[in-house]
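Protein chains: 2
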Amino acid sequence: MSKTRPDILTLERYLPYRLATLSNRISGIIAQTYKDKFGLSVTEWRIMAVLGEYPGASADEVSVKIQIEKSIVSRSLQKLLARHLVVREVDSADRRRQNLTLTKTGKDVYRQIVPVSYDYEDQLLTCFNSEEQALFDALLDRLYDQADTIDLNP
Amino acid sequence: MSKTRPDILTLERYLPYRLATLSNRISGIIAQTYKDKFGLSVTEWRIMAVLGEYPGASADEVSVKIQIEKSIVSRSLQKLLARHLVVREVDSADRRRQNLTLTKTGKDVYRQIVPVSYDYEDQLLTCFNSEEQALFDALLDRLYDQADTIDLNP
DNA sequence: CTAGAATAGTTGTTATTGCAACTAATATAG
DNA sequence: CTATATTAGTTGCAATAACAACTATTCTAG
Chain A
10 MSKTRPDILT
20 LERYLPYRLA
30 TLSNRISGII
40 AQTYKDKFGL
50 SVTEWRIMAV
60 LGEYPGASAD
70 EVSVKIQIEK
80 SIVSRSLQKL
90 LARHLVVREV
100 DSADRRRQNL
110 TLTKTGKDVY
120 RQIVPVSYDY
130 EDQLLTCFNS
140 EEQALFDALL
150 DRLYDQADTI
160 DLNP
Chain B
10 MSKTRPDILT
20 LERYLPYRLA
30 TLSNRISGII
40 AQTYKDKFGL
50 SVTEWRIMAV
60 LGEYPGASAD
70 EVSVKIQIEK
80 SIVSRSLQKL
90 LARHLVVREV
100 DSADRRRQNL
110 TLTKTGKDVY
120 RQIVPVSYDY
130 EDQLLTCFNS
140 EEQALFDALL
150 DRLYDQADTI
160 DLNP
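Those sequence lines, one after another, are chains A and B.
Basically the numbering used here = 1-based index in the first sequence + 9.
Basically the numbering used here = 1-based index in the second sequence + 9.
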């Protein structure tokens, strides 16, 4: 007794589409705030967030961490450097590498943004009770792992 | 007894970030297949998907449906029209409007893609049992509604 | 040592996106 | 009616993205 599958695709119920639109909406709202209040793009903020967690990281490490092309990280960094939110210094042990850290100003901005970000997350999560939050969290992780294993073009 | 919030933001556990990377990954995998096998971008496929569901829709309706800028829809449509996957005809009752439908070829491609899409969704969902699927589904819907109500810049 | 592979980062090119301005057609208020 | 507002769709432009080529440095095999 197999469940027959429709020959029409209902986009609004299609998981990849739903995730994409949900994520777009959620990113879009916070992106507006980052831009309005701090003049930062989401990518720029993510770079700063990594440097807040891992001071001294290299551009390459940042790129791997946030899964963004290193060329994009490079150009975003140029803006952050120009605004003196980040400094870099050549690593003395490996002169290819440049260690990145938030400046004083960068840390100030970081400290302002973190609570805004958490507020936003909290607002989103008010639609779940704590049990549901934990569940959703776990399901997202499972789905993420699952997506990693799929190879559609073997 | 309030839960204290960290003054560092852990990007990998931050919901908007997690949704964005998950969605990117999930869209990226299927995008590659659409491109390789059918020469379609995700946007182009979404337009076709809407026209499969709603033959005769206008560009504007498509744009609203899939929440994509009408300029992007317009340009994507130009490609679909050039490939004769879609035709349009001026609406006789309202000559601003153009009714869009899949051509014979367009329908053929549509019929080929639909099962590929469902297969992919099924593969993703194998990491959930049916109860979890229903739950995840419901939680996504709730989150979506919640995101709609949030206004960070009141 | 030293030649070739690997790594960190930048830059060029092209395609895509997002916003606003624009054209053409229709709806509506006076 | 007719002037104005609204709607459907296209186009221009600036910003962003993806991908590859490139420089400079370090690692590694022989």
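C-beta atoms are modelled at their ideal positions from N, C-alpha and C, and glycine is treated no differently.
Quick caveat: nothing in here was measured; it's all calculated off a predicted structure.
With 16 other Cβ atoms within 10 Å as the buried cut-off, status of residue i
i, result
"Pro64 (chain B)", "exposed"
"Gly37 (chain A)", "exposed"
"Asp25 (chain A)", "According to the sequence displayed, residue 25 (chain A) carries Pro and not Asp. Buried, by the Cβ-count rule."
"Leu135 (chain A)", "As written in the sequence, residue 135 (chain A) is Thr, which differs from the Leu given in the question. Thr135 (chain A) should be labelled exposed."
"Ile17 (chain B)", "exposed"
"Arg105 (chain B)", "exposed"
"Ala147 (chain B)", "exposed"
"Thr13 (chain A)", "exposed"
"Ile81 (chain B)", "exposed"
"Ala29 (chain A)", "buried"
"Val51 (chain B)", "buried"
"Arg84 (chain B)", "exposed"
"Ala156 (chain A)", "buried"
"Ala66 (chain B)", "buried"
"Gly115 (chain B)", "buried"
"Glu53 (chain A)", "buried"
"Ser126 (chain B)", "buried"
For residue i, the residue or residues it bridges with in DSSP
i, result
"Val96 (chain B)", "B:Thr110"
Nearest-angstrom Cβ-Cβ length linking residue i and residue j, presumed shorter than 8 Å
i, j, result
"Leu31 (chain A)", "Leu133 (chain B)", "In fact, because the Cβ distance is near 15 Å, the residues do not count as touching under 8 Å."
"Leu111 (chain A)", "Val95 (chain A)", "6 Å"
"Val71 (chain A)", "Ile56 (chain A)", "6 Å"
"Arg97 (chain B)", "Asn108 (chain B)", "6 Å"
"Tyr153 (chain B)", "Glu130 (chain A)", "So it is not a contact: roughly 16 Å between Cβ atoms."
"Leu49 (chain B)", "Ala68 (chain B)", "Not confirmed; about 17 Å, so no contact."
"Leu144 (chain B)", "Leu89 (chain A)", "Their Cβ separation, rounded to whole angstroms, is 41 Å, which puts Leu144 (chain B) and Leu89 (chain A) out of contact at 8 Å."
"Ile75 (chain B)", "Leu20 (chain A)", "7 Å"
Heavy atom of the ligand ZN within 7 Å of residue i beta-carbon
i, result
"Leu89 (chain B)", "With respect to small molecules bound, the structure shown includes none, and the ligand ZN cannot be examined in it."
Checklist entry - What residues in the stretch 126 to 149 of chain B have a beta carbon less than 9 Å from any beta carbon of chain A? => result Ser126, Tyr127, Asp128, Tyr129, Glu130, Asp131, Gln132, Leu133, Leu134, Thr135, Cys136, Phe137, Glu141, Leu144, Phe145, Asp146, Leu148 and Leu149
Checklist entry - Given a limit of 9 Å on CB to CB distance, which residues of the stretch 60 to 83 of chain B reach chain A? => result Gly61, Glu62, Lys74, Ile75 and Gln76
Checklist entry - Just by C-beta distance, which residues in the stretch 12 to 31 of chain A are closer than 9 Å to chain B? => result Arg14, Pro15, Asp16, Ile17, Leu18, Thr19, Leu20, Glu21, Arg22, Tyr23, Leu24, Pro25, Tyr26, Arg27, Leu28, Ala29, Thr30 and Leu31
Checklist entry - Can you find at least 3 beta carbon pairs, one from the stretch 51 to 64 of chain A and one from the stretch 110 to 128 of chain A, that sit closer than 8 Å? => result yes
Next on the checklist: Taking beta-carbon pairs under 9 Å, can you tell me which members of the stretch 38 to 51 of chain A lie near chain B?
Outcome noted: Ile38, Ile39, Gln41, Thr42, Asp45, Lys46 and Val51
Checklist entry - Which residues, in order along the stretch 113 to 127 of chain B, keep a beta-carbon less than 9 Å from a beta-carbon of chain A? => result Tyr119, Arg120, Ile122, Val123, Pro124, Val125, Ser126 and Tyr127
Next on the checklist: Using a Cβ-Cβ cutoff of 8 Å, what residues of the stretch 79 to 111 of chain B are near chain A? List them in chain order.
Outcome noted: none
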